[in-house]
Amino acid sequence: MTVYLPIAELSVNIFIILGMGAAVGFLSGMFGVGGGFLITPLLIFYNIPPVVAVATGANQVVASSISGAITHFRRGTLDMKLGSVLLVGGLAGATAGVWVFSWLRRLGQLDLFISILYVVLLGTIGALMLQESLRAMRRARMNEQLPLRRPGQHNWVHRLPLKMRFKKSKIYLSAIPVVGLGFGIGVLTSIMGVGGGFIMVPAMIYLLRIPTNVVVGTSLFQIIFVTAYTTMVQAATNYSVDIVLATILMVAGVIGAQYGVRVGQKLRGEQLRALLALLVLSVGIRLAIGLIVTPDDLYSVAVGGLSY
Numbered sequence: 002m003t004v005y006l007p008i009a010e011l012s013v014n015i016f017i018i019l020g021m022g023a024a025v026g027f028l029s030g031m032f033g034v035g036g037g038f039l040i041t042p043l044l045i046f047y048n049i050p051p052v053v054a055v056a057t058g059a060n061q062v063v064a065s066s067i068s069g070a071i072t073h074f075r076r077g078t079l080d081m082k083l084g085s086v087l088l089v090g091g092l093a094g095a096t097a098g099v100w101v102f103s104w105l106r107r108l109g110q111l112d113l114f115i116s117i118l119y120v121v122l123l124g125t126i127g128a129l130m131l132q133e134s135l136r137a138m139r140r141a142r143m144n145e146q147l148p149l150r151r152p153g154q155h156n157w158v159h160r161l162p163l164k165m166r167f168k169k170s171k172i173y174l175s176a177i178p179v180v181g182l183g184f185g186i187g188v189l190t191s192i193m194g195v196g197g198g199f200i201m202v203p204a205m206i207y208l209l210r211i212p213t214n215v216v217v218g219t220s221l222f223q224i225i226f227v228t229a230y231t232t233m234v235q236a237a238t239n240y241s242v243d244i245v246l247a248t249i250l251m252v253a254g255v256i257g258a259q260y261g262v263r264v265g266q267k268l269r270g271e272q273l274r275a276l277l278a279l280l281v282l283s284v285g286i287r288l289a290i291g292l293i294v295t296p297d298d299l300y301s302v303a304v305g306g307l308s309y
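If you're matching positions, the sequence shown starts at 2 in this note's numbering and goes up one per residue.
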């Protein structure tokens with residue numbers, strides 16, 4: 002069964018799109034990531050123009066993130082205050098990112114820039130996460146204990162000014178790195194169509210020292226509003242959001258996210274991180290191969306900013 006996508010200007014198999022949305026929604030709920038780093042490459046692999054894949058992929062992230070965030074809110078694992086501070090930086094970053102996106106599109110270098118950025122980010126973050134998670138699993142298997150941090154021992158992030166108290170997370174932390182992290186994620190959301198959870202979750206755990214039990218829900222909370230804002234701005238500025246494609250992905254993503262949350266709670270933290278790392282690395286490697294291998298068609302035609 003096929004359906005026509007008016008903005009992408011091509012027909013696709015609806016069951017393949019539903020499968021993509023459900024799979025990404027499942028992974029979103031399980032790992033606490035928006036899933037944009039997966040749905041955007043998957044859409045590109047399925048020959049959806051990158052401009053449409055980025056803008057529409059961000060829209061799908063909204064639906065799966067809402068579904069997962071509601072579940073975490075009910076279970077008390079969402080820090081609303083921390084999420085709001087992240088959101089301030091995220092909205093500012095998304096605005097800057099849309100401007101960069103439009104500029105690259107006018108230069109005609111958007112497709113190449115998106116692919117290279119994905120390969121670098123996914124490869125680096127996936128390798129670091131896999132290394133850390135394997136060490137943690139090895140320690141757990143050998144019953145080794147992590148060296149305990151002494152009270153009052155902090156890294157450079159905790160010595161910055163403008164500190165705020167986040168009661169749900171039980172931390173006293175400067176707002177500067179929180180806003181900065183949100184800003185960076187906002188830029189990536191606009192340019193890459195990602196929610197940014199694959200960066201935000203590790204950064205919140207390892208850099209900001211936020212308790213793992215509230216990281217997932219708080220990450221999803223910020224992702225909801227930044228991706229929704231990005232989708233609206235992309236639609237108004239670049240006219241690249243395909244509403245038919247977005248609707249199919251959202252329906253499937255919401256259903257998949259509910260099951261993902263349940264499965265994620267049955268796995269240990271280091272197991273979740275290892276699975277996420279392997280997933281991130283596999284997508285990065287697939288994109289890298291696409292940049293190196295000679296394409297079947299050596300030439301493409303661009304119409305209205307969309308490449309074919």
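Beta carbons are placed, not taken as given, at the ideal position from N, Cα and C, and that holds for glycine.
Just so you know, these numbers come straight off a predicted model, no measurement behind them.
Asn14 (DSSP reduced to helix, strand or coil):
Taken through DSSP and simplified to helix, strand or coil, Asn14 comes out as strand.
Which of the three DSSP states is assigned to Ile49 in this structure?
If DSSP states are grouped into helix, strand and coil, Ile49 belongs with coil.
Have a look at Lys171 and Ser85 and give me their C-alpha separation to the nearest angstrom.
Their Cα atoms are separated by approximately 16 Å.
Can you tell me the Cα-Cα spacing of Gly185 and Arg142, whole angstroms?
Computed Cα separation, rounded: 36 Å.
Quick check on Lys82: does DSSP put it in helix, strand or coil?
In the structure shown, Lys82 sits in a helix (DSSP, three-state: H, G or I).
Within this structure, are the beta carbons of Ala93 and Gly197 separated by less than 8 Å?
Cβ distance not < 8 Å, so Ala93 and Gly197 don't count as in contact.
Quick one: grab the DSSP three-state call for Met233.
Residue state, collapsed to three classes: helix.
Given a cut-off of 8 Å, decide if Ser191 and Gly98 are closer than it, judged by their beta-carbon atoms.
Ser191 sits close to Gly98, with the two beta carbons spaced by under 8 Å.
Which partner residues of Lys164 appear in the DSSP bridge assignment?
The secondary-structure analysis by DSSP pairs Lys164 across a beta bridge with Ser175.
With a CB to CB cut of under 7 Å and the five nearest residues on each side skipped, what residues in its chain are close to Leu19?
Answer for Leu19: Ile249, Ala253, listed in chain order.
Using alpha carbons as the reference points, say which of Leu135, Ala289, Arg263 lies closest to Leu276.
Nearest option by C-alpha distance: Leu135.
Would you call Tyr309 buried or exposed, if buried means 16 or more other Cβ atoms sit within 10 Å of its Cβ?
Caution is warranted here: a pLDDT of 46 is assigned to Tyr309, below 50, making its placement in the model unreliable, and no coordinate value can be reported.
With DSSP collapsed to three states, give me the class of Tyr5.
Strand, per DSSP.
Rounded to whole angstroms, what's the CA-CA distance from Glu133 to Ile71? Just pull it up for me.
Inter-residue distance for Glu133 and Ile71 is about 29 Å (C-alpha atoms, whole angstroms).
Helix, strand or coil for Met130 per DSSP?
The answer is helix: DSSP assigns Met130 an H, G or I state.
How would you call Val25, buried or exposed, if buried means at least 16 neighbouring beta carbons within 10 angstroms?
Val25 is buried by the Cβ-count criterion.
Spatially closest choice to Asn239 from Val52, Val4, Met205, by CA coordinates:
The option with the nearest alpha carbon to Asn239 is Val52.
Taking just the CA atoms, how far does Asn214 sit from Pro203?
Annotation: Pro203 to Asn214 spans about 13 Å, alpha carbon to alpha carbon.
Under 8 Å by Cβ, that's how I've got Leu79 and Leu182 pegged, so tell me the actual separation to the nearest angstrom.
Not really, about 17 Å apart at Cβ, beyond 8 Å.
Best match in Leu161, Val120, Thr232, Leu189 for proximity to Gly90 [C-alpha to C-alpha]
Checked all of Leu161, Val120, Thr232, Leu189; the closest Cα to Gly90 is Leu189.
DSSP on Tyr260, reduced to helix/strand/coil?
Three-state DSSP puts Tyr260 in a helix.
Leaving out five residues before and five after Ile310 in sequence, what residues of the same chain have Cβ atoms less than 7 Å from its Cβ?
The requested residue 310 is not part of the displayed model; the chain covers only 2 to 309.
My guess is that Gln235 and Val227 are in contact by the Cβ rule of under 8 Å, so how many angstroms apart are they, rounded?
Going by Cβ atoms, the distance from Gln235 to Val227 rounds to 12 Å, so no, they are not a contact pair.
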